[in-house]
Each structure stands twice: as C-alpha cells, then as structure tokens.
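Residue numbers (the working numbering): 460 to 673. Where is the CB? At the ideal position from N, CA and C, for every residue including glycine.
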C-alpha cells in the first residue's frame, strides 16, 4: 500500500510527531509513504517526496512541519478536484492522510465523497473541530497565553492600567476561556457569548471602586 501524507493551514506543535508516527507504523507494515509538499498545493503540482527512517530522524521535538504547508484550497482552483484525483491515481497513492484544521479537513471531507480514501487528523490551536475533545496544538496555545496573562498582571499593576489580551481562536472561544481562567483574567469575552462593551466597562469600574484593581 502507498500512503500520501500532507499538512495544511497554519503550523502548530505536534505536526512532525504525527508525520513521524505515520511513517514508523507504515514501515512496520511494509507500506510506502509519500510526503506531499505544502499541503494541497503539492497534490495540484505533483510535489511528492518519499519518507523513510532517515527523513523522520530527529524531528520529534521540532516545531513546524518538515513537509511545509500552505492554505491552498483545491476547490477554489479550476478543475482542482479532478486534478488531485488524477495525480493520486498516476502516482499510485491508495490512501491519503490530511493533517489540518477546519479548512484542510473540509477539503478532505469533500474528497471522500468523490471516492478518495482519506483519514483526517485534527490539527488546530482553535480546538473548533467535532469528534475530538482537544485538537493537538490547543494545549500549547493555552499554556503560552496563560503565561502571557500571568506576566501582564504585574505590568498592569506597575502602570495602573487595564490590559486587554487578545488571543487566537477565530470564531471559537476555547483558548480565551482556558487561558483566561488559568491566568486569572477578571473578564473573559468569547465569540459565542455576545457582550455589551458598556457593561464590561461598568464591571471594571466597580472593581476599581471596591479597590480590586489587579
């Protein structure tokens, strides 16, 4: 069996660990693994590279992805789906492993409906994918955001300022909630819960009046 593997979208911790695990297990089963460069772009341009033990040596703790990544969407390219299926057949790939977030796995889902055998691996710091409690990349993002909030408490006190911390997450408030609770934020605002900025200001003012600034 010949397996293709790609990483799409933004990079996050854990990508190389997944690639390494796939290659190691595939070699045990005598499967061949082809790395697809720069996500879905590599499938359009037929940019492949064989992966073996030498390819994955020492990558476990490295950030980023050895395969490169892009935000290419084959469904925004004329005849993109047909080109991908043709290239998969020409190179002889039996199954595809797509590591990515909402956009990458959305493309993978459409390809399965077109008859391509695809396994999706949920990768996103936003933690906004169904079917998994936590996506990999999320925990690291929360830890980094929490550390930043911890440090900003003393900065706020030193300068007598209210500090607003904006974290990533797009339309999902998972990072904000987890990091905000862990870092002791006074107010946590998330996309899922509409808020009134005047009410937020009133809460902060009341805290200040009661002597609870920081």
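Beta-carbon proximity check, residue i vs residue j, cutoff 7 Å
{"i": "residue 464", "j": "residue 550", "result": "no"}
{"i": "residue 635", "j": "residue 601", "result": "no"}
{"i": "residue 584", "j": "residue 597", "result": "yes"}
{"i": "residue 467", "j": "residue 591", "result": "no"}
Residue span of the alpha helix (DSSP H) that contains residue i, given as start and end
{"i": "residue 631", "result": "It is not in any alpha helix (DSSP H) - residue 631 carries neither H nor E in the DSSP assignment."}
{"i": "residue 495", "result": "From DSSP, residue 495 is part of no alpha helix (DSSP H) but of the beta strand (DSSP E) over 491-495."}
{"i": "residue 582", "result": "Careful: residue 582 lies outside any alpha helix (DSSP H) and carries neither H nor E."}
Residue closest to residue i, alpha-carbon to alpha-carbon, out of the options
{"i": "residue 469", "options": "515, 627 and 520", "result": "627"}
{"i": "residue 507", "options": "561, 521 and 526", "result": "526"}
{"i": "residue 605", "options": "466, 644 and 462", "result": "644"}
{"i": "residue 582", "options": "477, 462, 630 and 461", "result": "477"}
Residue i, enclosing beta strand (DSSP E) - first and last residue
{"i": "residue 554", "result": "554-559"}
{"i": "residue 501", "result": "Per DSSP, residue 501 belongs to no beta strand (DSSP E); it is in the alpha helix (DSSP H), 499-504."}
{"i": "residue 461", "result": "461-466"}
Exercise. Between the region 492-506 and the region 573-589, do at least 3 Cβ pairs fall closer than 8 Å?
Worked result: no
For this session: May I ask you to verify whether the region 615-623 touches the region 566-576, counting CB pairs closer than 8 Å and requiring at least 3?
Result: no
Exercise. Within the chosen definition, does the region 509-527 reach the region 536-555 through at least 3 CB pairs nearer than 8 Å?
Worked result: no
Exercise. Touching or not, the region 480-489 and the region 529-546, by the rule of three or more beta carbon pairs under 8 Å?
Worked result: no
Problem set entry | Segments assigned alpha helix (DSSP H), at least 4 residues, entirely inside the region 590-658 | 597-618 and 633-642
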